[in-house]
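**Q** After the structure tokens below, expect a handful of questions from me.
Protein chains in written order, with our numbering: chain A, 1 to 105; chain B, 106 to 453; chain C, 454 to 930.
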């Protein structure tokens, strides 16, 4: 799991306690590994590009907190670029599923 | 059971597509004999305002696909209701998706509400498009002709007919389908004015030798056909071709329209019609198919692609079974259309 | 390299493979089943839970057919295949489809009557039944809403066996036909992936067996070659064509993939609903092209479904016990392709939806909204990016225009038609009984064979056809 992907998971996460957040991250890590290779390759490629873009935004002072990243991700979910939408959708789905299935109900 | 005498006509009618070309003509006929004519219009400015036609016209503004709108359309109508479902998209503004949303989705919505309130009849306006072009120049579509949908519009109208037939066969609601070809008559949209102008100026293309035949139907004739379909007991569960008495060759159509324009006082070019090889129309059809396969639609290309074809029907069964008898000729109908345009400030 | 010799090698232990193995073994043939996935105890995982997704699904349940829009899907990958993770809903292939396929694809002996004969056998063996008790609220909702609107609806039967106390156990392959196969002498090797089929260079018209990679409990891997007189591939509509392609067999293999794309709504009610079982009721008013039913609705699925429509999910999620997820599924005009990619385990899957398909999906979403409001729902969260969330009937008309290719999130669990059966060689990958063209002893016997999407859960059709085909194979051995 690349660093930017970890950041995305943190930004999209809602769980308050560290054990759940750790478990969610572990689940996403496992899920990414388990993706079909063509899909994993595509996600990886996007991670590299988006990670670089977000890195630049940080450097330019236009993105600071995890909250900021979350807003950016929310906006990308309605992007005209389908791969961008699907990227956010994939991570959000994994995070939400894990948070709500791993946390004590 | 309805009989064929007007005095026992169903008192309340619902008309979808009321502000459209056919709808405007239909509503004006219905208001004279019925207690209430409830009209669905897509927006408040669509077409000449129907509420001004007569006091027994009611309008509901909304989308035929929208469940809440169609609920309102069918609300509080009393026990005896007929439905004339004319709402459809023939030339979508943007995408072929509109064909399916409105022509299939909208039809389903109307059939469903009609069933719920127990209407006496749904008269569904269909088209020649589910049948494509006649396989030979002498062939005429009749009620036994096989389906052969012509691209998006044809496919959507085919599916709509299937829904209507299924609704009848399952016992949901009594239905009749009326298949109308290319129409002409008052209340025409802007594209028809373009048609007249093009003929007047000699720009309307005569594809090939102009011998290909097209059935057309004058709006009054079509309205008569719809009312016959509504009233006749024999009609139930069936589909009927409703058109002018005979199909016309494309050459004949051009000549007749030229005469009508002249006799209505308009200047018409003396040049002979623009002859265009059949191959151009064939090319247009291929481009149309390609565009539509990508969900796009170009009206002029679509129309050009159809102009090489014979699309003609036989109205024998409508005559025999439901008493349909078209009375207006092409010449008189075209003159009436042109006069209507001129009366409405359209200079053609 | 280890070597095993057998008479019939069955690849895949799902609905098709289990039928094939059981019928062949009971007829006295020597059968070896290889299954890529692990062998779990049927009760080991809670249905639709996270551990089940991770353990029993291929790729953790996250697969996708690329396209505009993409369609997410899931395949079972374990002993018993997708039957171990599905809803268990069981509905025969509609008669009119059998007749239509027989005619269009020129399939021998494929009349409604013939299929009914085999379907009856399958149903008797599996105990297909409807609920012995009143339906749970999540299912009754569909019945209630549909009845209110005057829409046809029905309770689908399921492969469930009920005990005295009315508790139901899903009759999956690992509980039914696989034990039967084993009792009749078949062998099964789990955690064993077939890499390719073996065909002698000198004679490409037959297969001699398969090369596999077997994973041992300690994680170690070994290559295993299986020699067989007959090979029956039952790996499902995605993996079967991929395997055939990897083995150099390509004629009409992997094209024409058909799905049942679905749109969903998470519906909130003013009362609690159950979350264990998938609803059995279906709204059939618009069948066969559009059907409405219910989906898995654990908290995890509900969280994901709410998030499809809005970012503000905290409030409704807190009320999750009053929320249930429903779907509208279409038979799709469009189709897709499965392509094996050299060097990769996973094939590339693509799917194209037509404009008519997109319209039908929008229509399905709207009708689904209607029936849920009629059933008393107070809020509807559609699987449309940006919603809108609907709180009254007047809100759902907007869904027509919102259901664009960009906004619509689709998923499916039904995949068929990638290796069609029938005598018309130009359109099919196998003959009328699943024998792969030009390879004398190679057969397919799973959902790939169905010439088109069935419009209902495919398990019944798959098992019916697999029974018919296995009987035919036996008569020729």
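Here a beta-carbon is modelled for each residue, glycine too, at the ideal position from N, C-alpha and C.
All of these numbers come straight from a predicted model, not from anything done at the bench.
When Cβ atoms are compared, which residues of the segment 23–34 of chain A fall closer than 8 Å to chain C?
**A** Residues passing the 8 Å Cβ filter: 27, 30, 31, 34.
**Q** Say whether chain E places a C-beta atom closer than 7 Å to the C-beta of residue 512(C).
**A** Considering every chain present, this structure includes no chain E. Its protein chains are A, B and C.
**Q** Identify, in the order they occur along the chain, each residue of the same chain with its Cβ nearer than 7 Å to the Cβ of residue 95(A), setting aside the five sequence neighbours on each side.
**A** Along the first chain, read from residue 1 onward, the residue named residue 95(A) stands at position 95. Excluding positions up to five away in sequence, the list reads 9, 12, 13, 24, 28.
**Q** Between residue 791(C) and residue 685(C), what straight-line distance do the alpha-carbon atoms span, to the nearest angstrom?
**A** Here residue 791(C) is taken as the residue at index 338 of the third chain, counted from 1. Here residue 685(C) is taken as the residue at index 232 of the third chain, counted from 1. Taking the straight line joining both Cα atoms gives about 19 Å.
**Q** Any beta carbon of chain C sitting closer than 7 Å to that of residue 101(A)?
**A** The sequence position of residue 101(A) within the first chain is 101, counting from 1. Interface residue, yes.
**Q** Which residues of the segment 537–556 of chain C have a Cβ closer than 9 Å to any Cβ of chain B? Give them in chain order.
**A** The segment 537–556 of chain C vs chain B, Cβ under 9 Å: nothing.
**Q** List the residues of chain B that residue 849(C) touches, going by C-beta distances under 7 Å, in chain order.
**A** By 1-based counting over the third chain, the position of residue 849(C) is 396. Simply 172.
**Q** Any beta carbon from chain A within less than 7 Å of residue 698(C)'s own beta carbon?
**A** Indexing the third chain from 1 puts residue 698(C) at position 245. No, no contact with chain A.
**Q** Counting beta carbon pairs with one atom in the segment 683–702 of chain C and one in the segment 741–759 of chain C, are three or more of them shorter than 8 Å?
**A** In short, these stretches do not touch, since the Cβ pair count stays below three.
**Q** DSSP state of residue 496(C), grouped into three classes?
**A** Locating residue 496(C) in the third chain gives position 43, counting from the first residue. Here residue 496(C) sits in coil by DSSP.
**Q** For residue 110(B), which residues of its own chain have a beta-carbon under 7 Å away from its beta-carbon, when the five flanking residues on both sides are left out?
**A** Taking the second chain and counting its residues from 1, the one referred to as residue 110(B) is at position 5. The predicted model places residue 110(B) with a pLDDT of 47, which falls under 50 and marks its position as unreliable; any figure quoted below should be read in that light. Excluding residues within five positions, none has a Cβ falling inside 7 Å.
**Q** Below 7 Å on C-beta distance, what does residue 201(B) contact in chain C?
**A** Position 96 of the second chain, counted from the start, is the residue given in the question as residue 201(B). Per Cβ cutoff of 7 Å: 808.
**Q** Is residue 309(B) close to chain C, meaning its C-beta is less than 7 Å from at least one C-beta of that chain?
**A** On the second chain, residue 309(B) is found 204 positions in, with the first residue counted as 1. Cβ-Cβ to chain C under 7 Å: no for residue 309(B).
**Q** Taking the DSSP output, what are the residues bridged to residue 681(C)?
**A** Here residue 681(C) is taken as the residue at index 228 of the third chain, counted from 1. DSSP, once it has assigned bridges, lists 459(C) as partnering residue 681(C).
**Q** Assuming the contact rule is C-beta atoms closer than 8 Å, residue 337(B) and residue 248(B) should be a hit. Round their C-beta distance to whole Å, please.
**A** Walking along the second chain from the start, residue 337(B) turns up at place 232. Walking along the second chain from the start, residue 248(B) turns up at place 143. So it is not a contact: roughly 14 Å between Cβ atoms.
**Q** So that I know if they touch, is there some Cβ in chain C lying closer than 7 Å to that of residue 37(A)?
**A** The residue labelled residue 37(A) in the question sits at position 37 within the first chain. Output row for residue 37(A): interface = yes.
**Q** Any C-beta of chain C sitting closer than 7 Å to the C-beta of residue 91(A)?
**A** One-based indexing of the first chain puts residue 91(A) at position 91. Answer no: the Cβ-Cβ gap between residue 91(A) and chain C never drops below 7 Å.
**Q** Roughly how far, in whole angstroms, is the beta-carbon of residue 664(C) from the beta-carbon of residue 678(C), given that I think they are within contact range, below 8 Å?
**A** Numbered from 1 along the third chain, position 211 holds the residue referred to as residue 664(C). Numbered from 1 along the third chain, position 225 holds the residue referred to as residue 678(C). The Cβ separation is near 5 Å, so the contact holds.
**Q** From this set, 508(C), 580(C), 593(C), which residue's C-alpha is nearest residue 824(C)'s C-alpha?
**A** Locating residue 824(C) in the third chain gives position 371, counting from the first residue. Minimum Cα distance to residue 824(C) is reached at 593(C).
**Q** Per the contact definition of three or more C-beta pairs closer than 8 Å, is the segment 204–213 of chain B in contact with the segment 265–275 of chain B?
**A** Touching, yes.
**Q** Would you say residue 788(C) reaches chain B, if we count a Cβ-Cβ gap shorter than 7 Å as a contact?
**A** Here residue 788(C) refers to the residue found at position 335 when the third chain is read from its first residue. Answer no: the Cβ-Cβ gap between residue 788(C) and chain B never drops below 7 Å.
**Q** State the Cα-Cα distance for the pair residue 843(C) and residue 751(C), rounded to the nearest angstrom.
**A** Residue 843(C) sits at position 390 when you count from the first residue of the third chain. Residue 751(C) sits at position 298 when you count from the first residue of the third chain. Straight-line Cα distance between these residues: approximately 22 Å.
**Q** Taking only the alpha-carbon atoms, compute the straight-line gap between residue 768(C) and residue 99(A) and give it to the nearest angstrom.
**A** For the purposes of this step, residue 768(C) is taken as residue 315 along the third chain, with counting starting at 1. For the purposes of this step, residue 99(A) is taken as residue 99 along the first chain, with counting starting at 1. Taking the straight line from one Cα to the other gives about 16 Å.
**Q** Taking just the CA atoms, how far does residue 218(B) sit from residue 176(B)?
**A** As a position in the second chain, residue 176(B) is number 71, starting the count at 1. As a position in the second chain, residue 218(B) is number 113, starting the count at 1. If I take the Cα positions, the gap works out to 7 Å.
**Q** Beta carbons nearer than 8 Å to chain C: which residues of the segment 62–87 of chain A have them?
**A** So the list reads 74, 77, 78, 80, 82, 85, 86, given in the order they occur along the chain.
**Q** How long is the line joining the alpha carbons of residue 387(B) and residue 461(C), rounded to whole angstroms?
**A** Counting from one through the second chain, the residue named residue 387(B) turns up at place 282. Counting from one through the third chain, the residue named residue 461(C) turns up at place 8. When rounded, the distance between both Cα atoms is 56 Å.
**Q** My understanding is that residue 304(B) touches residue 359(B), with C-beta atoms under 8 Å, so please give their C-beta distance in whole angstroms.
**A** By one-based count along the second chain, residue 304(B) stands at place 199. By one-based count along the second chain, residue 359(B) stands at place 254. Going by Cβ atoms, the distance from residue 304(B) to residue 359(B) rounds to 6 Å, so yes, they are a contact pair.
**Q** Anyone know if the C-beta pair for residue 838(C) and residue 860(C) falls short of 7 Å?
**A** As a first step, residue 838(C) must be located in the third chain, where it is residue number 385. As a first step, residue 860(C) must be located in the third chain, where it is residue number 407. Cβ atoms of residue 838(C) and residue 860(C): closer than 7 Å.
**Q** For residue 254(B), collect the residues of the same chain with a Cβ closer than 6 Å to its Cβ; drop the 5 residues on either side in sequence, then sort them by chain order.
**A** By one-based count along the second chain, residue 254(B) stands at place 149. Same-chain partners within the cutoff: 235, 260, 263.
**Q** Under 8 Å Cβ-Cβ, which residues of chain C neighbour residue 221(B)?
**A** The residue given as residue 221(B) occupies position 116 in the second chain. Under the 8 Å cutoff, chain C gives 602, 603.
**Q** Are residue 604(C) and residue 736(C) touching if we call contact CB-CB under 7 Å?
**A** Locating residue 604(C) in the third chain gives position 151, counting from the first residue. Locating residue 736(C) in the third chain gives position 283, counting from the first residue. Yes.
**Q** Residues of chain A with a CB under 9 Å from the CB of residue 465(C): which are they?
**A** For the purposes of this step, residue 465(C) is taken as residue 12 along the third chain, with counting starting at 1. Per Cβ cutoff of 9 Å: no residues; residue 465(C) is ~18 Å from chain A at best.
**Q** Report yes if the CB atom of residue 609(C) is closer than 7 Å to the CB atom of residue 544(C), and no otherwise.
**A** Residue numbering aside, residue 609(C) sits at position 156 when the third chain is read from its first letter. Residue numbering aside, residue 544(C) sits at position 91 when the third chain is read from its first letter. Cβ atoms of residue 609(C) and residue 544(C): closer than 7 Å.
**Q** If you draw a straight line from the C-alpha of residue 841(C) to the C-alpha of residue 498(C), how long is it?
**A** Indexing the third chain from 1 puts residue 841(C) at position 388. Indexing the third chain from 1 puts residue 498(C) at position 45. Cα-Cα distance, rounded: 35 Å.
**Q** Any Cβ of chain A within less than 7 Å of the Cβ of residue 692(C)?
**A** Here residue 692(C) refers to the residue found at position 239 when the third chain is read from its first residue. So, not an interface residue.
**Q** Would you list, in sequence order, the uninterrupted alpha helix (DSSP H) runs of no fewer than 4 residues that lie entirely inside the segment 411–437 of chain B?
**A** Qualifying alpha helix (DSSP H) stretches, in chain order: 421–427.
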